[in-house]
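In the working numbering, the protein residues as written are 201 to 240. Structure first, then comments.
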């Protein structure tokens, strides 16, 4: 596992942390773990 300042990094980034220019690379059906983040 990769750690940053003692905290483990997630395998999948939440949607709100993915740059808009890269979102087309993500298959939304496989990214269900991050789909609930950032929808506020």
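Even glycine gets a Cβ: it sits at the ideal position worked out from N, Cα and C. Keep in mind that this is a model prediction, so the values were computed, not measured.
{"Item": "Give me whichever residues DSSP pairs with residue 204 in a beta bridge.", "Value": "207"}
{"Item": "If I measure Cβ to Cβ from residue 226 and keep anything under 7 Å in the same chain, skipping five residues before and after, which residues do I get?", "Value": "218"}
{"Item": "Could you give the distance in angstroms between the alpha-carbon of residue 202 and the alpha-carbon of residue 224?", "Value": "25 Å"}
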